[in-house]
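K.L.:
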Amino acid sequence: MKKSKSKTPKIIVPDGTETTDATSPSTKREEAQAAPDDAGAEAGTHKAGEESADALREKVEQLTEHLARAKADYRNLQRRTANETASAVRYANAELMKSLLTVLDDFERALSAAEADADPKALMEGVRLVYANLKRALEDAGLQRIDALHRPFDPTQHEALMQQPTSEHPPNTVIEEVTKGYRLHERVLRPAKVIVSRPPDASPPNGNGRKHSPPEEAAEVQE
Numbered sequence: 051m052k053k054s055k056s057k058t059p060k061i062i063v064p065d066g067t068e069t070t071d072a073t074s075p076s077t078k079r080e081e082a083q084a085a086p087d088d089a090g091a092e093a094g095t096h097k098a099g100e101e102s103a104d105a106l107r108e109k110v111e112q113l114t115e116h117l118a119r120a121k122a123d124y125r126n127l128q129r130r131t132a133n134e135t136a137s138a139v140r141y142a143n144a145e146l147m148k149s150l151l152t153v154l155d156d157f158e159r160a161l162s163a164a165e166a167d168a169d170p171k172a173l174m175e176g177v178r179l180v181y182a183n184l185k186r187a188l189e190d191a192g193l194q195r196i197d198a199l200h201r202p203f204d205p206t207q208h209e210a211l212m213q214q215p216t217s218e219h220p221p222n223t224v225i226e227e228v229t230k231g232y233r234l235h236e237r238v239l240r241p242a243k244v245i246v247s248r249p250p251d252a253s254p255p256n257g258n259g260r261k262h263s264p265p266e267e268a269a270e271v272q273e
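Quick note, the sequence shown lines up with residues 51 to 273 if you use the numbering used here.
1) Looking at the strands, I want to know which residues DSSP matches up with Lys109.
2) DSSP three-state label for Leu193, please.
3) Measuring alpha carbon to alpha carbon, tell me which of Leu193, Ile225, Ala210 and Ser217 ends up nearest Arg201.
4) The beta strand (DSSP E) spanning Lys148 covers which residue range?
5) Count the other C-beta atoms from every protein chain shown that fall within 10 angstroms of the C-beta of Ser247, then say buried if there are 16 or more, exposed otherwise.
6) Please classify Asp197 as buried or exposed, where buried requires at least 16 neighbouring CB atoms within 10 angstroms.
7) Quick check: what's the CA-CA separation for Ala138 versus Ala132?
8) Based on the DSSP secondary-structure assignment, which residues constitute the bridge partners of Lys171?
9) Would the segment 163–175 count as touching the segment 200–219 if we require 3 or more Cβ pairs under 8 Å?
10) Roughly how many angstroms lie between the CA atoms of Ile245 and Pro205, to the nearest whole one?
11) Who does Glu209 pair with in a DSSP beta bridge?
12) At a threshold of 7 Å, does Thr229 count as lining the ligand NAD (C-beta to nearest heavy atom)?
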């Protein structure tokens, strides 16, 4: 008895050749069932990617809007700060000017009194009053006089105009105040212009081994 041989089905492809399809029907069914699942997964991934891109675009738009708003706020702050600074500088002396108005009034009254009455004592009294009021107004604003006379010379507060040889004072001592010096709080506004002492024999010897003759009582020092 002859055994029946299983025949492998043959498939004719479009070019007319025959080929053997070794894939079993069950395998084909599994592949056919898996194909829709793969397509669905791919579609889901594509949709998720689109949603993620939309979210990123929205986030970028929000950040761009916030950045533009922050830039505008910063420009407004700069403009407001500049205006406030300019105003503060412009009116920094307002209180001082207000206090000096009283001194101006005193000057006007003193001049009127001098015109109406030629008494020199009354005029002098008016000048003293004006001086006292002016001094008080400046001191209230922080002005202080620099004490210089009979003090050691300090180049940060004094400006030496001359050196005068003397044995009555220690060397480098302020022996005369030509112009008063003032400071505003801790800052020197104007150094005191002074004459400073030096020993009578402080002149260096000349080329002949003899000392220079002292200057005419005082040697001028460059400012």
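No residue lacks a Cβ here, since even glycine has one placed at the ideal position from N, Cα and C.
P.N.:
So, from the listed chains and residues:
1) DSSP output for Lys109 lists no bridge partner at all.
2) Strand at Leu193.
3) Ranking the options by Cα distance to Arg201, first place goes to Ile225.
4) It is not in any beta strand (DSSP E) - Lys148 instead sits in the alpha helix (DSSP H) that spans Ala144 to Ala166.
5) Buried, since its Cβ has 16 or more Cβ neighbours within 10 Å.
6) With fewer than 16 Cβ atoms within 10 Å of its Cβ, Asp197 is classed as exposed.
7) Cα to Cα, Ala138 sits roughly 10 Å from Ala132.
8) Its beta-bridge partners do not exist; DSSP assigns none.
9) In short, these stretches do not touch, since the Cβ pair count stays below three.
10) Distance between Ile245 and Pro205, taken at the CA atoms: about 12 Å.
11) The bridge partners DSSP lists for Glu209 are Lys243.
12) Here there are no bound small molecules, and the ligand NAD is not part of this structure.
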